[in-house]
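Accompanying notes for the structure given below.
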Amino acid sequence: VTNTGDVTISGVTIEDALIGISGLAITPATLLPGETGTATASYTITQTDIDQGQITNTAIATGTDPQGGTVTDTSDDNSNLEDDPTVTDLPGAGAIGLIKTGSFTDESGDGYAQAGETISYSFSVTNTGDVSISGVTIEDALIGISGLAITPVTLLPGETGTATASYTITQTDIDQGQITNTAIATGT
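Taken in order, the sequence shown gives residues -2 to 185; the numbers are from our numbering.
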């Protein structure tokens, strides 16, 4: 806080609603004209802040002039000329990981794959980034799915969502001895 006037300002304190401070004293608490006092505070970042990519807020400095009048100013980001909020960028990266597993169901019970039997697929999508990912869906051309939603459809960092689908085995699949395919998970 800088005393930009021509009289001494005393009892200077800071209020910042986002940080949750009121009456934070600066050092020194009395400022001669042109003199600057400082104070520090910290704020614990939330997931919502990270998802927004930045934190925007302001603070208010209040002091008393020699005649007992109140002097205030709203914080500025880089100068004392305008009251504009301070914007703190929070770099974040969205990333997801997909694990797909398949399980053959021997519906005939003979121990062999038959055309018309099924493979059950399980999809597990994990948010490996540090921002929330929403609208997560899966595409799998072999199974013929597009836009298969996982549950839950919005994943917080570290959270996993799942989905299932099945595929009917063809004689060509049996003749090849295996089925190999991939899926793609997409989110915002």
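Yeah, the Cβ is synthetic: ideal placement off N, Cα and C, and Gly gets one too.
- With distances taken between CA atoms, Thr134 lies nearest to Ile181 out of Ile181, Gly155 and Val4.
- For Asp74, the closest alpha carbon among the candidates Asp86, Ile147, Leu28 and Asn178 is that of Asp86.
- With a contact defined as Cβ atoms closer than 8 Å, Gly174 and Ser131 miss out at about 40 Å.
- Taken in chain order, the whole beta strand (DSSP E) runs of length 3 or more contained in the stretch 47 to 97 are 51 to 54, 57 to 61, 67 to 71 and 83 to 86.
- If you draw a straight line from the Cα of Ile116 to the Cα of Asp81, it is about 60 Å long.
- Sequence-distant partners of Thr24 (beyond 5 residues in either direction) whose C-beta falls short of 8 Å from its own C-beta, in its chain, are Gly34, Thr35 and Ala36.
- DSSP places Asp137 inside the beta strand (DSSP E), whose first and last residues are Thr134 to Asp137.
- Where Thr169 is concerned, the enclosing alpha helix (DSSP H) starts and stops at Gln168 to Gln173.
- One alpha carbon belongs to Asp46, the other to Gly113, and they sit about 51 Å apart.
- Assigned with DSSP and collapsed to three states, Thr185 falls in coil, not helix or strand.
- Here the stretch 1 to 19 makes no contact with the stretch 91 to 109; the two share fewer than three CB pairs at distances below 8 Å.
- For Glu104, no beta strand (DSSP E) run applies, since DSSP gives it neither H nor E.
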